[in-house]
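Everything below concerns the one structure shown next.
Numbering (our numbering), first residue to last: 2 to 384.
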């Protein structure tokens, strides 16, 4: 087993550089890595914008512990919650939610199990990452999802056997994964992510009978598992009307460091301008966005990806409902010991950056329109 490095490697801080990192999930960032529109926004202000792993000096761990002042992260909820609670203060810049991915319970396809109640006395797997640097986000969502599924079926943990499965979770440190990558999707040139069981660590245990059921993250991996003919879902949190059940390492959140927010707020605003532009494009061209997202996500194929995103608003927001979803995830982590310190999600949220980005885009559009039709371009006046 490869041993994780004791420290996360990073390049020296340079405020003329901004690095981004994202998770392989539904976000404007994962669309933009092919379009390059955010990079263009940074070029306008003379700042170089690139993927975290485009430099060998940066290993994977800033994605989890945010130890770079000039890094912006767009990804799953649980790691940035832990960062803000226990490691360093950040700002919550925006949220994208796929509000029907609470998770499913999978069992072997030919087992005589059709309902959660059929799991009474049986074994449900729970992973445990042995990589102590990174946040154990997969375990957190498993535990949260298992408890919710038991509860909505009138059961508790006492009705089943929770079996813990430690696993190395060390692919980040393998030499071939530390070669520089210009684009996040290059990660999957080295790994067949839709069939690599390192991303589904309990599937083998279920297939060989070590457990009778496992939790997985909704349609994203459910359809990959079902396509093998070996597994089936017996419970699906997305089928309930209760939207508060849909927090499985989601919403995806955008965070930047306090240092960036305070010393160089224009860098955060510029990122959000790119996300708004790309998000609007993705909303208008969902099939095209799905073809891009299929390269990185765990949906079965392009059409499956399209079905997963067709009703998702790809423009980041900080809506009251989505902030409550963030709060639900944070509260679960606190109640189960995954974070040590509590914090106020409403104070973490920094809507002024999203507001400024939207205003600048409106003003830029107005200047272009008036510049084309008036003797001199003007600034839009409100009120």
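Think of the CB as a built atom: it goes at the ideal place given N, C-alpha and C, for glycine as much as any other residue. This one's a predicted model, so the numbers in the text were calculated from it and none came from an experiment.
Per DSSP, residue 323 is one residue of the alpha helix (DSSP H) stretching across 321 to 336.
Between residue 330 and residue 78, the gap from beta carbon to beta carbon is short of 8 Å.
When the five nearest sequence neighbours on each side are left out, the beta carbons in the same chain lying within less than 7 Å of the beta carbon of residue 199 are those of 172, in order along the chain.
Under the criterion of beta carbons closer than 8 Å, residue 117 and residue 310 do not qualify as touching, at roughly 28 Å. Around the Cβ of residue 370, a 10 Å sphere holds fewer than 16 other Cβ atoms; the residue is exposed. Annotation for residue 34: the continuous alpha helix (DSSP H) segment containing it runs 29 to 36. Straight across, the Cα-Cα distance linking residue 60 with residue 66 is about 11 Å.
Per DSSP, residue 58 is not a residue of any beta strand (DSSP E), being assigned neither H nor E. Fully enclosed alpha helix (DSSP H) runs of no fewer than 4 residues occupy 287 to 294, 303 to 310 of the segment 284 to 313, in order along the chain. The beta strand (DSSP E) runs lying completely inside the segment 202 to 279 and spanning 3 residues or more are 215 to 217, 232 to 237, 253 to 258, given in chain order. Secondary structure note for residue 75: its beta strand (DSSP E) is the uninterrupted segment 72 to 76. Residue 111 carries a coil assignment under DSSP once its states are collapsed to helix, strand and coil. Residue burial annotation: residue 140 is buried, with at least 16 other C-beta atoms found within 10 angstroms of its C-beta.
Within the same chain, and ignoring the five residues on either side of residue 231 in sequence, the residues whose Cβ sits closer than 8 Å to its Cβ are 109, 110, 208. Comparing alpha carbon positions, the residue from 148, 301, 358 closest to residue 196 is 301.
Burial of residue 323 is indicated by the presence of at least 16 other C-beta atoms within 10 angstroms of its C-beta. According to the DSSP assignment, residue 166 belongs to the beta strand (DSSP E) that extends over 162 to 168. Secondary-structure assignment with DSSP links residue 96 through a beta bridge to 254, 318. Here the C-alpha atom of residue 162 lies approximately 41 Å from the C-alpha atom of residue 258.
By DSSP's assignment, residue 124 forms a beta bridge with 162. Per DSSP, residue 18 is one residue of the beta strand (DSSP E) stretching across 18 to 23.
In this structure residue 270 does not touch residue 328 by the C-beta definition: roughly 25 Å separates them, more than the 8 Å allowed. Shown here for residue 113: same chain residues with a beta carbon closer than 8 Å to its own, the five before and five after excluded, namely 119 in chain order. In the DSSP assignment, residue 52 falls within the unbroken beta strand (DSSP E) covering 49 to 52. Cβ-Cβ distances below 8 Å link residue 142 to 79, 104, 216, 218, 249, 250 in the same chain, with the five nearest sequence neighbours on each side left out; the list follows chain order. Secondary structure note for residue 116: it is in no alpha helix (DSSP H), with a DSSP letter that is neither H nor E.
Taking a contact as a CB-CB distance under 8 Å, the pair residue 225 and residue 299 counts as one, their CB atoms being some 6 Å apart.
Annotation for residue 87: 340, 341, 342 place their beta carbon closer than 8 Å to its own, counting only its chain and skipping 5 residues before and after.
Apart from the 5 residues on each side of it in sequence, residue 181 sits with its Cβ closer than 6 Å to the Cβ of 55, 57 in its chain, given in chain order. Taking all protein chains in view, the Cβ of residue 320 is surrounded by fewer than 16 other Cβ atoms within 10 Å, so the residue is classified as exposed.
For the pair residue 31 and residue 290, the Cα-to-Cα distance works out to about 9 Å.
When only Cα atoms are considered, residue 148 and residue 157 end up about 7 Å apart.
According to DSSP, residue pairing for residue 130 in a beta bridge involves 168. Contact annotation, residue 25 with residue 254: C-beta distance approximately 15 Å; criterion of less than 8 Å not satisfied. Here residue 39 really is in contact with residue 275; their C-beta atoms are around 3 Å apart, less than 8 Å.
By the 16-neighbour rule on beta-carbons within 10 angstroms, residue 45 is exposed.
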